[in-house]
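The listed protein sequences derive, respectively, from chains A and B. Mapping the first sequence onto this note's numbering, position 42 (from 1) lands on 42, and the numbers just tick up by one. Offset between the second sequence (1-based) and this note's numbering: plus 1000. For each residue, glycine too, the CB sits at the ideal point set by N, CA and C. The next block holds one structure in the form of structure tokens; read it before the comments.
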Amino acid sequence: MNEIIESRKPPVATTGILGWLRANLFSNWVNSIISLFVLYILIQFIPWILNWTIFAADFKYNFNGEEIIDRTMCSRVLDPENGGACWAIIYVRFYQFMYGFYPREEVWRVNLSYIMLAVAVVPLLFDDFPFRKHFLKFTYAFPIIAFFLLNGGLGLQEVSTNKWGGLLVTLVLGCTGIALAFPLGIILALGRRSNLPVISMMCTLFIEFIRGVPLITLLFFGMVMLPLFLPEGINMDGLARVLVAVTLFQSAYMAEVIRGGLQAIPQGQYEAARSIGLSYWQMNMKIVLPQAIRISIPSIVNTSIGLFKDTTLVIIVGLLDLLGIGRGALADTTWLGLAYEVYFFVALVFFIFTFAMSRYSLYLEKKLKTGINIGAD
Amino acid sequence: MRSNLSFFSDEKFRSIFFQTLVIGIFALGIYLIVQTTGHNLEKRNIATGWRFLSDPAGFDISFSPFIDFKSTDTHLDVYFVGIFNTLLVSFCGCIAATILGFLIGIVRLSSNWLLSRVAYVYVEFTRNVPLLLQIILWYSILIQLPRIKQALELMDMFFISNRGIYSPRPIFENGFSFVFIAFILALISSFILRKWSKKRQDETGKQFPVALTALGLLIIVPLVLFFILGSPLSFDFPALKGFNFKGGMVIRPEFIAMFLALTIYTAAFISETVRSGILSVTKGQREASSSLGLKKSWIMRLVIIPQALRVIIPPLTSQYLNLTKNSSLGIAVGYADLVHGFGGISLNQTGQAIECMVIVMATYLTISLIISAFMNIYNKSIQFKEK
């Protein structure tokens, strides 16, 4: 008597692609108009940009098949209607963009450092990396190796830093700034939270001062004032002076981020550490800091992204980083007027680095949320 | 020896000892730096003191909308022009970035997938490219606009060229100040009106059309006065004479590039704080207000935004501070702000690096402190008041 009625299929318009379209693009008439409008603009814009950057662009040869050696041979100069980007300027100057004016016979040293940088950084980033412990030993030694490798000494020919440029300077500034600012930031953060009024006040003043002025004034400070402060006989080259400024700048921001992490550690952790008889330094090194740094790593990565972008400011005090090399290429009369290509390329390189860093920071945040609980419950 | 040790393990003694030690090292460091600096300055024949501030600058500044600057003016005038230019671009940038940032933040949460994706792409692309590069890029686009001779015309009043946007300049005649005063009075009375109507609504539940009345006050009162006084306002139109425009006023490409880049860059960051602020309001709030029967737009305005603002304001403050500090990048395109005008050209001309840098840094610190003080007051006023 009782008969089970076959369940009906869901309406076509609520599942599959159609359902998705309806829910996300055409849920009501306002949404539909907006979607169509945005779609129209994208249809106009995307093919144009793809065409300009790839399909109609010159890479090494122009549309006549000639190898491009100056701007007059670019397709877009010969045929402004149809020609796309002229990437030949990047192709011809690629060496400069990567290494600056580093001597060509010594360039293997830079390449080796790039590879070693990757080997040093990747195990640091992922804590399930195989044999991480042994790789980390290399990570700690890497700055010293890289210094001698890039700068010379120990039998290697010396390459003065004013020959460095392009991505090399960008990476040196970014990595050294972050690496040096990290321990300094920890000390400043601990100092600011110290019970000793003099130390806490001095750290607070330093941090707030640095955070209150623009980086460019600190770079000027490094460039024009630092030489006046140093006794005769001590000469620092431009890169070193800029590094001092960048490190001071970054350490103040790092300190605030780490302080945030320290504040998140429950008071009980401090009391427990004290009650088992640990000294101030033991308590911080063994109990508090490992937890505090772990929760502040996503923010540390975020300030590091900021620093990495800010390294472009060094072109104002005359160093040739990636952007500086780009501007130099544009000032050359053989390549005049190819600004969009150069800026697009530089932007792309920065985007790759910073986007990867921000993805990493998101990944860490997710891992922290799902991972074991930090601190006492 | 033993007594010494126990002295050292005394916490009070140790704390005083370490702090005195730190002060001592710090003082010694300062003393050494002052000594070497004095020696170095003497050796390089660099003058010291503040007298250079009253020396004539000897250079021109292309963009100085508030102060009429001539090359015979002093370095102190350069400083004031710099402050004005810094504040001008920061102020315009903060307002525009807030509007754009809120818009994009809300769009990113839109139920329209396409729209929110476009906003996401915008945010990722502008956030991850250095600001300096964006400033230079905008500038290089702007200086490729047509030359003055072929300037684009808009209604015979605005001329867009690679030397900037020329527009009519308002000339305020006698009596315009009354219109201005009327406007200010209307502004104050609309604030009072708003307070009164809110109080009345709290007590009696009766609503008053505040927005409409305020709009009427703000527009009609000054407008009526304007016509009664016989339109005391005229415009000076720019006209092409020879190689350049005469008359009118001009917004230079340096300013436009700075403004666009700062706005677009900071708006991306603001949109993220707005988005996380709105997401921080729990779903229950939205459901509760729609079960009360509030309209969709009211839910946003009366329930979500006021609560989200509490989360948004602190990071928004630091974005304003960042924007103001980032305005110092004007030096890359020759925008005569504090760093470029006073910290750059004046410093190079006088060679008095220490004095110039101290003034510039102190000024930025002051501006930062003022902005954070204002935002703290605002932040306090919107925080949840516990009764």
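- Under the three-state reduction of DSSP output, residue 1233 of chain B falls in the strand class.
- In this structure, the CA atom of residue 1363 of chain B is about 33 angstroms from the CA atom of residue 351 of chain A.
- A Cβ-Cβ distance of about 13 angstroms is found for the pair residue 1307 of chain B and residue 1274 of chain B, leaving them out of contact under the 8 angstroms criterion.
- Here DSSP, grouped into helix, strand and coil, assigns residue 1252 of chain B to coil.
- According to DSSP, residue 1160 of chain B shares a beta bridge with B:1152, B:1165.
- If you draw a straight line from the Cα of residue 54 of chain A to the Cα of residue 1064 of chain B, it is about 43 angstroms long.
- Assigned with DSSP and collapsed to three states, residue 1170 of chain B falls in strand.
- Neighbours of residue 1146 of chain B across chain A, judged by C-beta separation under 9 angstroms, do not exist; the nearest C-beta is about 15 angstroms away.
- Remark: C-beta atoms of residue 1257 of chain B and residue 1210 of chain B do not approach each other more closely than 7 angstroms.
- By the neighbour-count criterion, in which a residue is buried when 16 or more other Cβ atoms sit within 10 angstroms of its Cβ, residue 1174 of chain B is exposed.
- For residue 263 of chain A, the closest C-alpha among the options A:282, A:233, A:294 is that of A:294.
- Cβ-Cβ separation between residue 1104 of chain B and residue 1122 of chain B: approximately 7 angstroms, consistent with a contact (criterion under 8 angstroms).
- In this structure, residue 338 of chain A lies away from residue 166 of chain A, with their beta-carbon atoms at least 7 angstroms apart.
- Beta bridge pairing from DSSP links residue 67 of chain A with A:61.
- Looking at the DSSP output, residue 1244 of chain B bridges to B:1241.
- In terms of Cβ geometry, residue 1208 of chain B and residue 1190 of chain B do not form a close pair [threshold 7 angstroms].
- Using a Cβ-Cβ cut-off of 7 angstroms, residue 25 of chain A counts as an interface residue toward chain B, since at least one Cβ of chain B sits closer than that to its own.
- Against residue 31 of chain A, the close residues of chain B are 1111, 1112, in the order they occur along the chain (beta-carbon pairs closer than 8 angstroms).
- When rounded, the separation of the alpha-carbon atoms in residue 82 of chain A and residue 1091 of chain B is 42 angstroms.
- For residue 229 of chain A, the enclosing alpha helix (DSSP H) stretches over residues 226 to 229.
- Separation of the CB atoms of residue 260 of chain A and residue 296 of chain A is rounded to 6 angstroms, and the pair is thereby assigned contact status at 8 angstroms.
- Residues of the segment 341 to 371 of chain A with a Cβ closer than 8 angstroms to any Cβ of chain B, in chain order: 343, 346, 347, 350, 351, 354, 355, 358.
- Listed along the chain, the chain A residues whose CB falls inside 9 angstroms of the CB of residue 1140 of chain B are 330, 339, 340, 343.
- For the 7 angstroms CB-CB criterion, residue 217 of chain A and residue 1360 of chain B form a contact.
- Interface flag for residue 1280 of chain B against chain A is unset, since no Cβ pair is found closer than 7 angstroms.
- Counting only runs of 4 or more residues that sit fully inside the segment 193 to 275 of chain A, the alpha helix (DSSP H) segments are 197 to 212, 215 to 220, 226 to 229, 238 to 263, 267 to 275, in chain order.
- Secondary-structure assignment with DSSP links residue 164 of chain A through a beta bridge to A:100.
- If you check the CB distance, residue 219 of chain A and residue 245 of chain A come in under 7 angstroms.
- Residue contact check for residue 1031 of chain B against chain A: no CB pair falls below 7 angstroms.
- From the beta-carbon of residue 225 of chain A, the residues of chain B found nearer than 8 angstroms are 1353, 1354, 1357.
- Per DSSP, the unbroken alpha helix (DSSP H) holding residue 1356 of chain B starts and ends at 1353 to 1382.
- When the Cα atoms are used, residue 4 of chain A and residue 1284 of chain B turn out to be separated by approximately 39 angstroms.
- CA-to-CA, the gap between residue 86 of chain A and residue 1325 of chain B works out to about 35 angstroms.
- Judged by DSSP secondary structure, residue 1094 of chain B falls within the alpha helix (DSSP H) whose first and last residues are 1075 to 1108.
- Between residue 76 of chain A and residue 84 of chain A, the beta carbon gap of about 6 angstroms places them in contact (Cβ cut-off 8 angstroms).
- In the DSSP secondary-structure assignment, residue 1056 of chain B is bridged to B:1074.
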